[in-house]
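In full-length UniProt numbering, the protein residues as written are 1 to 984.
We put the CB at the ideal spot given by N, CA and C, even for glycine.
Read the structure below first, then the notes.
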DNA sequence: GCATCATCTTA
DNA sequence: GTAAGATGATGCG
């Protein structure tokens, strides 16, 4: 099918800039003459529906030819909805065209910022154009004009001539066109916005919308805005001054950053205002009176029939034989016409995208029970014993597992039914509420069931519940029969494996996204902020609803994910063979903790403090006055204003940039002091003081928490404290590492994968040179320098090696010449030459970059070595910067993500062979594992770990069904010593 | 009291 | 240029 241009109109010269000074203003025009009894003139922002429905509706809407039809259906539904609602006589659907407009002429960025649209959407566009035509609705595409401006112009003319207007769009920029007789209606979300709606949403009037956007900026439209002025400040300033002109006249009285930046960026305001303004006086031929809907049922019925059958819109097709034509806007037909399934899909997607339409989970028929007596508990025990699997959730006094005590337990054995067993809810005076069952009795009766490996355990973030239960000497185990590994399902990890990027993986997020259900929030039951109480202070009936809902929702999620995983064998394997076993190991590692030498940390802290004070004193002498050395703002003003040092650059929020990269270029005694001050105060506050504060007072061990469902690539993250960013690069920083020690009779042993991401690059790219270097065991950075410069490895200088190292890292990060130039302090051209030389010598690597970008664009995801799909949602973003960012992330993701897969496999492999009496796994730092090991077994255990890690792809991975023919050797380096520094 | 910015730490 | 988390300063309510 080809696009049919019979509805396109004569071009507008994109180089002719509109006259913004005399632009007619829809929001402020006179509307007293408008007759509201007539049906409104409807202007549809076709481009909005195209993009919105394409991204919001499932891609599973397809015909048997594999054509995705979600945007076609979504846009069609929007049109039909409008016709049903208004029975309009005049209407137009407006689309952008590909040709440049005056906005391109205004801004170079605008010109460059036209990325390709997803092919799956492009394919749908001609169908939409044809459908609009076949429905008898005028379609407007004007070369050189944007849909927004066509709509603005026609809306103005219609109102001028006495008609009221409905603009069908969800684009907030269009709010500037609202007045008494012009409203916006988003037919996808159902939201209608009039003047009151604008005031409610942004606190300003529609006629202030242009100024509002100009001040605040709008990244999606490339409007920069004034730094330091966001939604809120823009609103307040407009309320005070009415408009930007008045604001600028009184700018002297505007305090703070906003006032300062208004002056500084005043010159940019007119330009931004133009970008934000919708044109209302385009020289287009059509008048609203020309845009008549053809309501003759027979006019295009054959065309419609053809389209519906090709698209396989069955119910729409059937409805054509009905006496009424859909273009009549007959409600009875329109309601019956979309087929039930796709209507349901549309409805589902709608619910997930608008909070107002989300169910609350209580609207179901529910059977939620509170267990308060032994007979009821006995009955529950019997059900749990006989269940193949069930959901368990613990309620506790804290979100930190280390200090949490159990308050109650909830269970679910099927959807829509749940049980809560309150144990230690308290009255205000901390007294236990009497009617509850005894905690220890309940736990001891549950213990055999929770420890029974044949009864599957399901939960949301089970690592947490496992920690809690282990406080009470219960070892939570129990898998599904079809998956051998422990725990039947962790819904958080399941969601993470299925799609790490589509949503966060907290239960509230999962309920909203997958079940279209808004759960009771913790704040609802326990209050928020300082007034929040712990769960044992929540009344039992309220707590029971909350806890039962958690278990119920978790069960429903289990049902859903179980089905989804049955259809994707690799995802199931990633969950059951990789993530869940990893979670169990993490649970042990967190519980182990790492011993620290408190006295040493305290000494360091004291030493740092003395040096900091001395530095402050010297700084004040140089500056001539006291100021806060830790304040970038005060430092910037002191250095660049008061002391008059040249080289001041400002950040986007208007203050001087004083980052290390800038300061280290400045030759001034104060700078030296500041850099040393910063280094020391960072070490003191973030490490020496903080570690001492979080260490267990009895055991002197520090227990981090690993978050397993957070990063976009599959890496773990570590918090409270973060033990993945302990210093190593500087001598002083390394002192911190010396505080991490082993207990008497043991040593710290660290094992890390050498150059794992570059090896993965060699594997994926199959580049002959890179592969060769690793196979020969060369110093990879020196080898790169030698290769690129065409000299012998032995002749490579230190600088040459350093540059090669930077380029190797750059590769992993999706490097640009700009970025490399900054890193190496060379010109962009030099950096580009260097990159060109590199790609000339490593053509496989270049090809990998090209292929990975293409894969991300075409499929919407990239894959790791174990087949984990990492989705790249912004890969076709309309903003060029965002898109390029997504491309770099897409290049990096398979490398970083595969390294994460490998270390998880390694943890599982090592855990299996590690003699638990003689060694403990303590930490994971992305490509490194840290252990404490009996001193007399170091050699032996070190070898055990090295072998397990190096052979992981030929042993553990294969056992679990992943067959990877890795292109280069995996190398593990180990070392040991009295502390973590010595072990590295 | 809470959110955001700038800065700095790691792989 | 990728991926994270913690801190102090600052500004807002």
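Helix, strand or coil for residue i per DSSP?
{"i": "residue 345", "result": "Confidence at residue 345 is low in this model, with a pLDDT of 42, below 50, so its placement is unreliable and the value that follows should be read with caution. Correct three-state label for residue 345: helix."}
{"i": "residue 355", "result": "In this prediction, residue 355 has a pLDDT of 34, which is less than 50 and means its spatial position is unreliable; what the coordinates show is noted afterwards. Residue 355 falls in the helix class under three-state DSSP."}
{"i": "residue 717", "result": "strand"}
{"i": "residue 41", "result": "strand"}
{"i": "residue 958", "result": "helix"}
{"i": "residue 225", "result": "coil"}
{"i": "residue 274", "result": "helix"}
{"i": "residue 111", "result": "For residue 111, the predicted model reports a pLDDT of 33, less than 50, meaning its position is unreliable; a value from the coordinates is still stated below. In this structure, residue 111 counts as helix in the three-state DSSP scheme."}
{"i": "residue 698", "result": "coil"}
{"i": "residue 337", "result": "Confidence is the limiting factor: at residue 337 the pLDDT is only 35, short of 50, which leaves the residue's position unreliable, though a coordinate-based value still follows. The answer is helix: DSSP assigns residue 337 an H, G or I state."}
{"i": "residue 60", "result": "coil"}
{"i": "residue 650", "result": "strand"}
{"i": "residue 5", "result": "For residue 5, the pLDDT reaches just 40, beneath the cut-off of 50, and the residue's location in the model is therefore unreliable, although a value from the coordinates is still provided. Note: residue 5 maps to coil in three-state DSSP."}
{"i": "residue 300", "result": "coil"}
{"i": "residue 666", "result": "coil"}
{"i": "residue 324", "result": "Unreliable positioning characterises residue 324 in this predicted model, as indicated by a pLDDT of 47, which lies under 50. The coordinate reading is nonetheless provided below. Three-state result, residue 324: coil."}
{"i": "residue 710", "result": "coil"}
{"i": "residue 141", "result": "strand"}
{"i": "residue 983", "result": "coil"}
{"i": "residue 897", "result": "helix"}
{"i": "residue 33", "result": "coil"}
{"i": "residue 252", "result": "helix"}
{"i": "residue 435", "result": "coil"}
{"i": "residue 269", "result": "helix"}
Do residue i and residue j have their C-beta atoms closer together than 8 Å?
{"i": "residue 872", "j": "residue 862", "result": "yes"}
{"i": "residue 952", "j": "residue 902", "result": "yes"}
{"i": "residue 185", "j": "residue 165", "result": "no"}
{"i": "residue 195", "j": "residue 81", "result": "no"}
{"i": "residue 396", "j": "residue 388", "result": "no"}
{"i": "residue 377", "j": "residue 437", "result": "yes"}
{"i": "residue 34", "j": "residue 159", "result": "yes"}
{"i": "residue 27", "j": "residue 207", "result": "yes"}
{"i": "residue 320", "j": "residue 307", "result": "no"}
{"i": "residue 47", "j": "residue 118", "result": "no"}
{"i": "residue 214", "j": "residue 244", "result": "yes"}
{"i": "residue 79", "j": "residue 137", "result": "yes"}
{"i": "residue 683", "j": "residue 660", "result": "no"}
{"i": "residue 910", "j": "residue 775", "result": "no"}
{"i": "residue 101", "j": "residue 282", "result": "no"}
Which residue from the options puts its Cα closest to that of residue i?
{"i": "residue 552", "options": "453, 413, 570", "result": "413"}
{"i": "residue 92", "options": "898, 294, 821, 35", "result": "294"}
{"i": "residue 287", "options": "631, 876, 151, 679", "result": "151"}
{"i": "residue 934", "options": "971, 976, 904", "result": "976"}
{"i": "residue 441", "options": "472, 464, 433, 894", "result": "472"}
{"i": "residue 896", "options": "830, 763, 756, 834", "result": "756"}
{"i": "residue 54", "options": "72, 39, 824, 67", "result": "72"}
{"i": "residue 650", "options": "444, 554, 465, 265", "result": "265"}
{"i": "residue 619", "options": "635, 744, 608, 609", "result": "635"}
{"i": "residue 445", "options": "424, 463, 431, 379", "result": "379"}
{"i": "residue 31", "options": "955, 694, 157, 735", "result": "157"}
{"i": "residue 777", "options": "758, 603, 85, 394", "result": "758"}
Residue ranges of each beta strand (DSSP E) within the region 153–209, 3 or longer: 165–168, 182–186, 191–193
Below 8 Å, can you find three or more Cβ-Cβ pairs linking the region 463–482 to the region 506–515? no
Jot down the residue ranges of each uninterrupted alpha helix (DSSP H) in the region 745–831, minimum 4 residues, whole runs only, in chain order. 756–765, 768–775, 780–789, 798–812, 817–824
When you compare the region 853–870 with the region 787–803, are there three or more beta-carbon pairs, one atom per stretch, that lie closer than 8 Å? no
Take every Cβ of the region 528–541, pair it with every Cβ of the region 575–583, and state whether three or more of those distances are shorter than 8 Å. no
Please specify which runs of the beta strand (DSSP E), each continuous and at least 3 residues long, are wholly inside the region 558–637, giving them in chain order. 594–596
For the region 588–600 against the region 917–924, are there 3 or more C-beta pairs whose distance is under 8 Å? yes
Which runs of the alpha helix (DSSP H) fall wholly inside the region 471–529 and span at least 4 residues, in chain order? 491–498, 507–515, 522–526
What ranges does the alpha helix (DSSP H) occupy inside the region 927–951, keeping only unbroken runs of at least 4 residues that lie completely in it? 938–950
Counting Cβ pairs, one atom from each stretch, are 3 or more of them under 8 Å apart for the region 965–983 and the region 744–753? yes
With a floor of 4 residues, list each alpha helix (DSSP H) that falls wholly inside the region 71–136, ordered by position along the chain. 102–106, 108–112, 119–122, 125–134
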